[in-house]
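*Asks:*
Here you go:
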């Protein structure tokens, strides 16, 4: 493949965009929360407990209701997950992670829409995904304008 001047320009712009994202407040907040969570002993203990319980949960899920420990493991998993979600450090990290993901999703949508309104952009966000998902050739009711 030969690199044209347009290709090189697009790659340069992409690198510049990545640098802007790496220096954004949203990304710095994410890194701060991630580091804080990594250094927090209570958060790490909760994460370790969650991963250990998840292994038991996955084993129980293979057999479903027929596993002798089904109810107790399901209950334990719900409690462990709740404790993890209620931890302030973990919750702050998850919120920061969501803000980074939202930023990346909105950038993806803006780039796709600049090229064509019918480009499908899988963002994981139903609001963005419903916007003309795939154009008129998807076989469904067309939402294109």
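In full-length UniProt numbering, the protein residues as written are 1 to 145.
C-beta atoms are modelled at their ideal positions from N, C-alpha and C, and glycine is treated no differently.
#1: What does the alpha-carbon distance come out to for the pair residue 120 and residue 112?
#2: From residue 75 to residue 68, what distance separates their C-alpha atoms?
#3: Compute the Euclidean distance between the alpha carbons of residue 5 and residue 22, then round it to the nearest angstrom.
#4: Which same chain residues end up closer than 6 Å to residue 92 when comparing Cβ atoms and leaving out the 5 residues on each side of it in sequence?
#5: For the alpha helix (DSSP H) containing residue 89, name the first residue and the last one.
#6: Give, in chain order, every unbroken run of the alpha helix (DSSP H) that is at least 4 residues long and sits entirely within the segment 37 to 91.
#7: Using only alpha-carbon positions, find the residue among 87, 29 and 8 that is nearest to residue 45.
*Replies:* The answer reads as follows:
#1: In the chain shown, residue 120 corresponds to position 120, counting from 1. In the chain shown, residue 112 corresponds to position 112, counting from 1. Rounded to whole angstroms, residue 120 to residue 112 spans 8 Å at the Cα level.
#2: The residue given as residue 75 occupies position 75 in the chain shown. The residue given as residue 68 occupies position 68 in the chain shown. Roughly 13 Å separates the two Cα atoms.
#3: Against the chain shown, residue 5 aligns to sequence position 5. Against the chain shown, residue 22 aligns to sequence position 22. The alpha-carbon atoms of residue 5 and residue 22 are separated by roughly 26 Å.
#4: The residue given as residue 92 occupies position 92 in the chain shown. Excluding positions up to five away in sequence, the list reads 33.
#5: Looking up residue 89 in the chain shown gives position 89. Residue 89 -> alpha helix (DSSP H) spans 88 to 115.
#6: 41 to 63 and 70 to 86
#7: The residue labelled residue 45 in the question sits at position 45 within the chain shown. Comparing Cα positions, the closest option is 87.
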